[in-house]
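To keep things clear, I will list the structure first and then write my remarks on it.
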Amino acid sequence: MRKLAYKYEAIADSLRQDIKSGKYAPGELMPDQNKLAATFDTTRITIHKAIQLLIIEGMVYSKRGAGTFVRKDFGITEDHQETLMDKPLGTTRTNAGKKVTSKVLELQARLPTTREAEQLMIDDMDPVYVIRRTRYVDGKVWAYEHTIMPTSIVTLTKSVLMGSIYGYLEKERGMSIAGSHRIISAAKANDEDIEGLGSQVGDPVLVINQVSYTDDGQPFEISEAHLPYATSTVVADIQIH
């Protein structure tokens, strides 16, 4: 049976098509939420929920006091990759009820690359953390993670990295994590995978590239996770309208 879409989902779909068709260009300021509410004959709350969907998908972002903008990098993906928009649960919540541990391989700060600054929407002189760690679930290797995060978000230590970064951000910073724009692909193991996963060079690995956002559309993390092919599965629920 076909599911009836909520009004905010239908509005999000209409705005999504406007962006894809070029009605709203990359970097362009979209109409404010009051104007959109009048256009769609609905409430501002409904428009806000529709915009939230597009923020999680990585299509738009909001600046407090300025409005909602189409992301400049929207639509830039590599060939032969699957793109997913989802709530970034992280290893700890994905494996709730299991023992999750970490081995910290690197924690340092440096200036971001041009690409990193663009993705995180920060100045190229704003320092970022470089975090590399191996995650274990019930004593077995789960993933090797390479994460870039602005140092302005929170002060991180190796003891924090031994646990859940998302849990720490929510507890210590009161952050509300909305979602992530995720690209899934496959690759051959490299030198870092030998260190992080114990893989052999050339072994296939599942690669998940992710940019995660707060509920106001601010990106706060770029991460790349490599998972061993023998224990990795991707499940995607696809809704057909």
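Anchor point for the sequence shown: position 127 equals 127 in full-length UniProt numbering, and the numbering is continuous, going up by one each time. Even glycine gets a Cβ: it sits at the ideal position worked out from N, Cα and C. All of these numbers come straight from a predicted model, not from anything done at the bench.
Relative to Asp138, the option among Gly97, Asp191, Glu106 whose CA is nearest is Gly97. About 5 Å separates the CB atoms of Phe220 and Ile153; that is less than 8 Å, so the two are in contact. If you check the CB distance, Pro31 and Arg71 do not come in under 8 Å. Per DSSP, Glu221 is one residue of the beta strand (DSSP E) stretching across 219-228.
Our two residues, Ala143 and Asp215, have alpha carbons roughly 26 Å apart in a direct line. Around the beta carbon of Gly202, fewer than 16 other beta carbons lie within 10 angstroms, which makes this residue exposed. The alpha carbon of Ser21 has as its nearest neighbour, out of Gln52, Thr42, Met59, the alpha carbon of Met59. When the Cα atoms are used, Ala12 and Met125 turn out to be separated by approximately 35 Å. Going by C-alpha positions, Val205 is about 21 Å away from Thr101.
Counting C-beta pairs closer than 8 Å gives three or more between the region 107-115 and the region 129-136, which meets the contact rule.
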